[in-house]
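A.B. asks: For the sequence shown, our numbering gives the first residue as 2, with consecutive numbering after it.
Mind having a look at this structure? Questions to follow.
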Amino acid sequence: MIPKHIAIIMDGNGRWAEARGLPKVMGHKQGVESVRRIVKACLNAEVKYLTLYAFSTENWARPDHEVKALFQLLENFIDTEFKLFHDKGIRFCVIGERHKIQKDVLKKIENLEKDTLRYNNLTVNIALSYGARQEILNAAKKLAEEVKDGKLKSQEIDENIFSERLYTAGQPDPDLLIRTSGEMRVSNFLLWQISYAEFYVTETLWPDFDENELNKAIEEYNKRDRRFGGR
Ligand code: IPE
Ligand code: IPE
Ligand code: MG
Numbered sequence: 002m003i004p005k006h007i008a009i010i011m012d013g014n015g016r017w018a019e020a021r022g023l024p025k026v027m028g029h030k031q032g033v034e035s036v037r038r039i040v041k042a043c044l045n046a047e048v049k050y051l052t053l054y055a056f057s058t059e060n061w062a063r064p065d066h067e068v069k070a071l072f073q074l075l076e077n078f079i080d081t082e083f084k085l086f087h088d089k090g091i092r093f094c095v096i097g098e099r100h101k102i103q104k105d106v107l108k109k110i111e112n113l114e115k116d117t118l119r120y121n122n123l124t125v126n127i128a129l130s131y132g133a134r135q136e137i138l139n140a141a142k143k144l145a146e147e148v149k150d151g152k153l154k155s156q157e158i159d160e161n162i163f164s165e166r167l168y169t170a171g172q173p174d175p176d177l178l179i180r181t182s183g184e185m186r187v188s189n190f191l192l193w194q195i196s197y198a199e200f201y202v203t204e205t206l207w208p209d210f211d212e213n214e215l216n217k218a219i220e221e222y223n224k225r226d227r228r229f230g231g232r
């Protein structure tokens with residue numbers, strides 16, 4: 002079985018660069034090549050949703066030049082890959098705190114989102130200035146407002162209604178969560194959505210991650226017995 006939704010914590014760009022005596026930003030640059038490869042690989046494998054952790058709410062604490070470089074790489078990615086999204090019918094989506102993103106970058110993001118809205122071969126979510134706790138808090142605040150305005154009764158709030166207030170509204174939860182470069186933690190990623198995802202950690206650094214590595218993760222996923230607590 003092919004997982005319908007794969008989420009990836011793309012970690013290890015810094016270590017990849019360090020091992021080669023290169024500046025960290027070169028690791029991020031190489032990381033973008035992996036993103037290109039994996040988007041195409043997911044398309045080939047008929048995965049329907051791919052969520053990539055590109056920048057966390059905590060990553061704002063990194064040096065200014067690194068933050069700038071990361072957003073510049075994203076801008077370049079949109080400029081060079083918009084054709085791929087159109088040609089292959091891929092929907093582009095950003096999840097995270099939009100108000101913190103620089104205006105001109107946000108404009109590019111929102112244009113591509115609008116232009117690819119109707120595509121459904123694959124949906125690519127880029128988690129940008131994303132934090133799961135912040136996302137959950139946001140949903141709680143929205144619900145509180147709706148109850149206050151009389152649009153909803155508090156006893157009507159269930160898991161579905163809650164999910165619909167998250168950035169991933171309308172999308173299925175990830176089946177498989179991959180983290181590259183060996184760290185065994187979730188780093189504030191999709192806390193609500195991964196409650197029953199299968200977790201796969203590989204020592205491979207993100208810039209080295211390719212179609213072959215992705216297929217290995219899918220193979221491993223297929224060996225798992227997903228019991229959902231039911232037996
Ligand atoms: C992941 O690579 C990319 C981002 C978090 C933006 P890192 O920059 O965290 O790489 P390591 O963990 O230092 O190797
Ligand atoms: C998680 O990686 C965030 C992204 C991949 C964007 P980090 O490198 O920031 O996470 P920690 O510091 O190892 O938890
Ligand atoms: Mg890291």
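Idealized CB from N, CA, C, for every residue including glycine.
(1) By the three-class DSSP mapping on this structure, what secondary structure does Ser130 have?
(2) Let me confirm a value: Gly231 is counted as buried when at least 16 other C-beta atoms fall within 10 Å, else exposed. Which label applies?
(3) Quick one: what's Ile162 bridged to in DSSP?
(4) Using 8 Å as the limit for Cβ to Cβ distance, is Arg63 near chain C?
(5) Among Asn14, Asn189, Leu74 and Ser35, whose alpha-carbon lies nearest the alpha-carbon of Lys25?
(6) Output yes or no for whether 8 Å exceeds the beta carbon distance between Pro173 and Ala8.
(7) Among Glu220, Asn223, Thr117 and Asn216, whose alpha-carbon lies nearest the alpha-carbon of Arg38?
(8) Alpha carbon to alpha carbon, how far is Lys30 from Leu74? Give it in angstroms, no decimals.
(9) Helix, strand or coil for Glu203 per DSSP?
(10) Just to confirm the assignment, what range does the beta strand (DSSP E) spanning Ile179 have?
(11) For the stretch 110-118 against the stretch 146-162, do three or more pairs of beta-carbon atoms, one drawn from each stretch, fall closer than 8 Å, so that the two count as touching?
(12) Measuring straight from C-alpha to C-alpha, what distance separates Leu71 and Ala18?
(13) State the CB to CB distance for the pair Tyr54 and Met27, rounded to an integer number of angstroms; the pair is presumed to be in contact (CB under 8 Å).
(14) Roughly how many angstroms separate the alpha carbons of Thr203 and Gly32, rounded to a whole number?
(15) Spatial neighbours of His6 within its chain, please: C-beta separation below 6 Å, excluding the five flanking residues on both sides.
(16) Looking at the structure shown, is Tyr222 part of a helix, part of a strand, or coil, going by DSSP?
(17) With respect to 7 Å, is the separation between the Cβ of Glu59 and the closest non-hydrogen atom of ligand 2 below this value?
(18) Glu98 and Ser57 - do their beta-carbons sit closer together than 8 Å?
(19) Does Phe210 come out as helix, strand or coil in the three-state DSSP assignment?
(20) To the nearest angstrom, how far is it from the Cα of Asp88 to the Cα of Glu67?
C.D. replies: In short:
(1) Along the sequence shown, one-based indexing puts residue 130 at 129. Three-state result, Ser130: strand.
(2) For the purposes of this step, residue 231 is taken as the residue at position 230 of the sequence shown. Exposed, because fewer than 16 other Cβ atoms sit within 10 Å of the Cβ of Gly231.
(3) Taking the sequence shown and counting its residues from 1, the one referred to as residue 162 is at position 161. Answer is none; Ile162 lacks a bridge partner.
(4) Although the question refers to chain C, the structure presented lacks it and comprises just one protein chain.
(5) Here residue 25 is taken as the residue at index 24 of the sequence shown, counted from 1. It is Asn14.
(6) Residue mapping note: residue 173 aligns to position 172 of the sequence shown, counting from 1. Residue mapping note: residue 8 aligns to position 7 of the sequence shown, counting from 1. Result no, Cβ atoms of Pro173 and Ala8 do not sit closer than 8 Å.
(7) Taking the sequence shown and counting its residues from 1, one reaches residue 38 at position 37. Comparing Cα positions, the closest option is Asn216.
(8) Counted from its first residue, the sequence shown places residue 74 at position 73. Counted from its first residue, the sequence shown places residue 30 at position 29. C-alpha separation (whole angstroms): 7 Å.
(9) Locating residue 203 in the sequence shown gives position 202, where the first residue counts as 1. Reading off the sequence shown, one finds Thr at residue 203, where the question assumed Glu. Looking at Thr203 - three-state DSSP - the assignment turns out to be coil, as it is neither helix nor strand.
(10) Taking the sequence shown and counting its residues from 1, one reaches residue 179 at position 178. Note, Ile179: beta strand (DSSP E), Leu177 to Arg180.
(11) no
(12) Within the sequence shown, the letter at position 70 stands for residue 71. Within the sequence shown, the letter at position 17 stands for residue 18. Approximately 15 Å between the Cα atoms of the pair.
(13) Mapped onto the sequence shown, residue 54 falls at position 53. Mapped onto the sequence shown, residue 27 falls at position 26. Not quite, the Cβ-Cβ distance comes to about 20 Å (not below 8 Å), so this is no contact.
(14) The residue given as residue 203 occupies position 202 in the sequence shown. The residue given as residue 32 occupies position 31 in the sequence shown. For Thr203 and Gly32, the distance between alpha carbons rounds to 16 Å.
(15) For the purposes of this step, residue 6 is identified with residue 5 of the sequence shown, where counting begins at 1. For His6, where only same-chain residues beyond five positions count, the Cβ hits under 6 Å are Tyr50, Pro173, Pro175 and Asp176.
(16) Here residue 222 refers to the residue found at position 221 of the sequence shown. Helix at Tyr222.
(17) Translated into positions along the sequence shown, residue 59 becomes position 58. Because some heavy atom of ligand 2 lies under 7 Å away, the Cβ of Glu59 counts as near it: yes.
(18) Reading the sequence shown from its first residue, position 56 is the one you call residue 57. Reading the sequence shown from its first residue, position 97 is the one you call residue 98. Against a cut-off of 8 Å, the Cβ pair of Glu98 and Ser57 comes out as no contact.
(19) In the sequence shown, counting from the first residue as 1, residue 210 sits at position 209. Three-state result, Phe210: coil.
(20) Position 87 of the sequence shown holds residue 88. Position 66 of the sequence shown holds residue 67. Taking the straight line from one Cα to the other gives about 32 Å.
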